[in-house]
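J.: In the numbering used here, the protein residues as written are 880 to 1200. The beta carbon of each residue, even a glycine, is placed where N, CA and C say it ideally should be. Fair warning: this is a prediction, and the values are worked out from it, not measured in the lab.
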């Protein structure tokens, strides 16, 4: 189960931080999460636009409503025994854009879709031949990345056997995945140290294939971006400027890099001092970017990114905000 308690600063610190235009250094809520798997390549936490937090603990997924403080069991992969083998571990979770549905990936390559309001499983299907480490939604479908090195595009609305398309380019596990805000591009990061950018139009034209197909058809990425020296898990698109993509590297790299996907050029790069686990652009402040880190400093940082001269593709700079 998952529970919580108010931090010492409580909501007062949150209000004070907002008033000062800064982020509080102490949490206003601490949640117990027994059984949370310590694995860099998995994505076990997600936050919906409805202010609901999903956390995967072993074979179960719990939800925490920030507005009501209610904790509930939302999903369990044991419920999918007939489809996926039973007794599995959850390896990824991701809310749909509306927050009404939650996609759950498991250790054997299965994906299940849940209705968040009722905790009812809407569908379950096999998508990969190995664990599903990352997920990303669009209104038209769901993208998933697996340890089978494939990116899979599925349409959960198609029923228990959704049309599946596979994009192959990575040589190792796909651990980061994100659709661009206009849904025209899909970025994928892998344990092969590469960041790839795929066209939605190209992926849609790829012939469908099953997860069991040993030689599925695939389209080529628009860009295969090299520059990181470790796995690329952290991937995020700017909601303010088209074609601006940020990525973060693992322990041997520790860098955040910013790319112009219109040209394929790296426009900024800087060492953060630690393994980069997650990245997110601010939705309200154009030039701010938040990063969370693992080994060795385990820090949360807010960066200010400012392209010189404001020109797309210009060399940029990032400093602690």
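Around the Cβ of residue 1070, are there at least 16 other Cβ atoms within 10 angstroms (buried) or fewer (exposed)?
T.: The residue in question, residue 1070, is buried, as its Cβ has 16 or more Cβ neighbours within 10 Å.
J.: Could you give the DSSP three-state label for residue 1079: helix, strand or coil?
T.: Residue 1079: helix per DSSP, three-state reduction.
J.: In three-state DSSP terms, what is residue 1113?
T.: DSSP places residue 1113 in strand when its eight states are reduced to three.
J.: Helix, strand or coil for residue 982 per DSSP?
T.: Three-state result, residue 982: strand.
J.: Going by C-alpha distance, which of 1060, 1143, 1122 and 1155 is nearest residue 1131?
T.: Minimum Cα distance to residue 1131 is reached at 1155.
J.: Which residue from 947, 938, 953 and 1112 puts its Cα closest to that of residue 1015?
T.: Minimum Cα distance to residue 1015 is reached at 1112.
J.: Excluding the 5 residues flanking residue 1179 on each side, which residues of the same chain have their C-beta closer than 6 Å to its C-beta?
T.: The answer, listed in chain order, is 1171.
J.: Quick check on residue 1174: buried or exposed, where buried means 16 or more other Cβ atoms within 10 Å of its Cβ?
T.: Exposed: under 16 other Cβ atoms inside 10 Å.
J.: Mapping DSSP to helix, strand and coil, what is residue 1183?
T.: Residue 1183: strand per DSSP, three-state reduction.
J.: Could you tell me if residue 1037 is buried or exposed, where buried requires 16 or more neighbouring beta carbons within 10 angstroms of its beta carbon?
T.: So residue 1037 counts as exposed.
J.: Go ahead and label residue 916 buried or exposed: buried means 16 or more other beta carbons lie within 10 angstroms of its beta carbon, across all protein chains shown.
T.: Residue 916 is exposed by the Cβ-count criterion.
J.: Between the beta-carbon of residue 998 and the beta-carbon of residue 1013, is there less than 8 Å?
T.: Contact flag unset, no.
J.: Can you tell me whether residue 1141 is buried or exposed? The criterion is at least 16 other CB atoms within 10 Å of its CB, across all chains shown.
T.: Burial call: exposed.
J.: Going by Cα to Cα distance, which pick from 985, 946 and 948 is closest to residue 956?
T.: Out of 985, 946 and 948, 985 has the C-alpha closest to the C-alpha of residue 956.
J.: Can you tell me which of the three DSSP states residue 956 falls into?
T.: Helix.
J.: Might you give, ordered along the chain, the residues of its own chain that have their beta carbon closer than 7 Å to the beta carbon of residue 1166, omitting 5 neighbours on each side?
T.: Once the five neighbours on either side are set aside, the close Cβ partners of residue 1166 are 1183, 1184 and 1185.
J.: DSSP on residue 1095, reduced to helix/strand/coil?
T.: With a pLDDT of only 41 at residue 1095, under the threshold of 50, the placement of this residue in the model should not be trusted, and no figure is reported.
J.: Rounded to whole angstroms, how far is the Cβ of residue 978 from the Cβ of residue 1007, which I believe are closer than 8 Å?
T.: In fact, because the Cβ distance is near 25 Å, the residues do not count as touching under 8 Å.
J.: What span of residues does the beta strand (DSSP E) with residue 941 cover, start to end?
T.: That run of the beta strand (DSSP E) goes 939 to 944.
J.: Mark residue 1019 as exposed unless 16 or more other C-beta atoms lie within 10 angstroms of its C-beta, in which case mark it buried.
T.: Exposed: under 16 other Cβ atoms inside 10 Å.
J.: What residue range is occupied by the uninterrupted beta strand (DSSP E) comprising residue 902?
T.: Unbroken run through residue 902: none, as it is neither H nor E.
J.: What beta strand (DSSP E) runs, 3 residues minimum, are completely inside the segment 1113 to 1171?
T.: 1123 to 1128, 1134 to 1139, 1144 to 1150 and 1155 to 1160, all fully within the segment 1113 to 1171.
J.: Give the DSSP-derived three-state secondary structure of residue 1006 in the structure shown.
T.: Residue state, collapsed to three classes: coil.
J.: Quick check on residue 933: does DSSP put it in helix, strand or coil?
T.: In this structure, residue 933 counts as strand in the three-state DSSP scheme.
J.: Kindly indicate which three-state DSSP category residue 1036 falls into: helix, strand or coil?
T.: Helix.
J.: When you compare each of 1101, 1052, 1063 and 1058 to residue 1075 by their alpha carbons, which one comes out closest?
T.: The shortest Cα separation from residue 1075 among 1101, 1052, 1063 and 1058 belongs to 1101.
J.: Going by DSSP, which residues form a beta bridge with residue 1067?
T.: Residue 1067 pairs with 1056 and 1075.
J.: Here's a check: name, in chain order, each residue in its chain whose Cβ is nearer than 7 Å to the Cβ of residue 1176, leaving out the five neighbours to either side.
T.: Here the set comprises 1152 and 1153.
J.: Name the one or two DSSP bridge partners that residue 1021 has.
T.: Residue 1021 is bridged to 1016 and 1033.
J.: Looking at the secondary structure, which residues open and close the beta strand (DSSP E) in which residue 912 lies?
T.: Where residue 912 is concerned, there is no enclosing beta strand (DSSP E), given that its DSSP letter is neither H nor E.
J.: Which whole-angstrom value describes the C-beta separation of residue 936 and residue 913, a residue pair presumed to lie in contact below a C-beta threshold of 8 Å?
T.: Contact holds; Cβ gap of about 7 Å.
J.: Among 1051, 1041 and 1124, whose alpha-carbon lies nearest the alpha-carbon of residue 1077?
T.: It is 1124.
J.: Going by alpha carbons, who is nearest to residue 1135 out of 951, 1120, 921 and 1108?
T.: Ranking the options by Cα distance to residue 1135, first place goes to 1108.
J.: Quick check on the DSSP output: the beta strand (DSSP E) that includes residue 947 runs from which residue to which?
T.: From DSSP, residue 947 is part of no beta strand (DSSP E); its letter is neither H nor E.
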